[in-house]
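Have a look at the structure below before the remarks.
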Amino acid sequence: MEEQIRKYILDLGVDDIGFACAQDYHSPKSYKITKFLPDAKSIIVLAYKVLSSCESPSTSAAQNGYMDLGVFSRFSSYQISRFLERRYNAKVATIAISYPFEIHDDRKAIADFSHRHAAVAAGLGAFGRHNLVIHPKFGTRVQFTSIITNLALKPSPKSEDFCTHCNLCVENCPARALDEEGKTDVMKCLGNSLPYGLVADIKFEMQRLGSSPAEQQKMLMSAQYGRLRQSAHLGNQYMCFNCLKSCPIGLS
Ligand code: B12
Ligand code: SF4
Ligand code: SF4
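With the UniProt record's numbering applied, the sequence shown corresponds to residues 1 to 252, in that order.
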């Protein structure tokens, strides 16, 4: 069954796939896997190579490459899940590339499920100094989605550790968000990588609330408002790829 599933997924154009046993998934800050599927036995983790457009000097082109990947991941996730349901009578719960996830006052920027921990459990890589998972073939230029299922699948072998501790990711982070080993300073990264995300939106609204009608009109006609609207409409608009693209592993 594992080989049939692997073949189906690779034939769709997904770059790599790993199987993890549900009990090998350990993400202390995420929800228990049974929250997504009470009878969860395995996780199928899908790896997508990030397009070389992440290097483009145009932030729109770089973001668009990411959005292309996001759309393909949604399409694949649905198609694979239907295959598992039809062929094996499986139950599934799919986890998106980033959103949606539950938002609560006490866990605002923590997702329900960790693709990084799932990818490590499924043998698709190991954590690097930048706190991202380095894939054996694609290095850091990889994103993940996961399908939790009640099928009992043989887990893939664990991956090696590829980080050479060259520190290039730390030095190339414009927000200095990686200075402390083993921790990404989320607020520093957010301000730089998602400059038109929710935090910027709240700041804009707070400023607008305290402004005169004439100032408000000016604010609503500004480029900043256009950027915020575009971001809210299209979903997260990542503007920084430095830690991802500066890691040399897998590039040669
Ligand atoms: C929200 C989010 C963000 C937020 C930060 C939120 C946060 N709390 O960390 C912001 C906007 C800052 C962000 C930034 C980035 N993100 Co982001 N993000 C997410 C998202 C949607 C949820 C993260 C989350 O809350 N997970 C739940 C927590 C509990 O689990 P976790 O993410 O694995 O985090 C824990 C572990 O990583 C652990 N940890 C960290 N380092 C190490 C090292 C070791 C050795 C061990 C054992 C554990 C460990 O500590 C963390 C806290 O418990 C995930 C998708 C997802 N659902 O997983 C993508 C995701 C993590 N992001 C990703 C990427 C690529 C990025 C960026 C490069 C931006 C970009 N251009 O894409 C930067 C990288 C920042 C960095 N170097 O850490 C990828 C990572 C792919 C990879 N190869 O590892 C993911 C998995 C998206 C995907 N589907 O592929 N992100
Ligand atoms: S995405 Fe940019 S700001 Fe965030 S940690 Fe990576 S290099 Fe730093
Ligand atoms: S850039 Fe160097 S230190 Fe950073 S994750 Fe890659 S190999 Fe490790």
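Just so you know, even glycine gets a beta-carbon here, dropped at the ideal spot from N, CA and C. Small disclaimer: the values here were computed from a predicted structure and weren't measured.
Checklist entry - Less than 7 Å between the CB of Ser30 and some heavy atom of ligand 1, yes or no? => result Within the cutoff, so yes.
Item to check | Straight-line gap, Ala47 to Thr94 (C-alpha atoms, nearest Å) | outcome: Looking at the two C-alpha atoms, the distance is approximately 14 Å.
Checklist entry - Would Ile134 pass as a contact of Ile43 if the rule is Cβ separation under 8 Å? => result Not a contact, by the Cβ cut-off of 8 Å.
Item to check | Three-way DSSP call (helix, strand, coil) for Leu46 in this model | outcome: Residue state, collapsed to three classes: strand.
Checklist entry - Roughly how far, in whole angstroms, is the beta-carbon of Glu102 from the beta-carbon of Lys245, given that I think they are within contact range, below 8 Å? => result Rounded to whole angstroms, the Cβ separation of Glu102 and Lys245 is 31 Å, and the two are not in contact under 8 Å.
Checklist entry - Would the beta-carbon of Pro248 fall within 8 Å of that of Leu168? => result Using a Cβ distance threshold of 8 Å, Pro248 and Leu168 count as a contacting pair.
Item to check | 4-residue-minimum alpha helix (DSSP H) runs that sit fully inside the segment 90-174, ordered along the chain | outcome: Taking only runs of at least 4 residues, the alpha helix (DSSP H) segments lying wholly in the segment 90-174 are 115-121, 168-171.
Checklist entry - Relative to ligand 3, is the shortest distance from any of its heavy atoms to the C-beta of Cys54 smaller than 7 Å? => result No - ligand 3 has no heavy atom lying nearer than 7 Å to the Cβ of Cys54.
Checklist entry - Just checking my contact of Val45 with Gly18 at CB under 8 Å: how many whole Å lie between their CB atoms? => result Confirmed, about 5 Å.
Next on the checklist: In the DSSP output, which residue or residues are listed as bridge partners for Ala20?
Outcome noted: Paired residue(s): Ile43.
Checklist entry - Got a list of residues with beta-carbon closer than 5 Å to any non-hydrogen atom of ligand 2, in chain order? => result Qualifying residues, in the order they occur: Cys173, Ala175, Ala177, Cys189, Asn192, Ser193, Cys240, Asn242, Cys243.
Checklist entry - Does the count of Cβ pairs from the segment 228-240 and the segment 195-203 closer than 8 Å reach three? => result The segment 228-240 vs the segment 195-203: in contact.
Checklist entry - Since Arg227 contacts Tyr196 with CB under 8 Å, what's their CB separation in whole angstroms? => result About 5 Å separates the two Cβ atoms, so the contact holds.
Next on the checklist: Along the chain, where does the alpha helix (DSSP H) containing Gly70 start, and where does it finish?
Outcome noted: Note, Gly70: alpha helix (DSSP H), 59-88.
Item to check | Cβ-Cβ separation, Pro136 to Ser114 (assumed contact under 8 Å), whole Å | outcome: Between Ser114 and Pro136, the beta carbon gap of about 20 Å keeps them out of contact (Cβ cut-off 8 Å).
Checklist entry - Quick one, which of Gly70, Asp39, Ser52, Glu2 has its alpha-carbon nearest residue 255's? => result The shown model of the chain, from 1 to 252, leaves out residue 255, and the question about it has no answer.
Next on the checklist: Considering only their Cβ atoms, is the gap separating Thr164 from Ala96 smaller than 8 Å?
Outcome noted: No, these two residues do not count as a Cβ contact at 8 Å.
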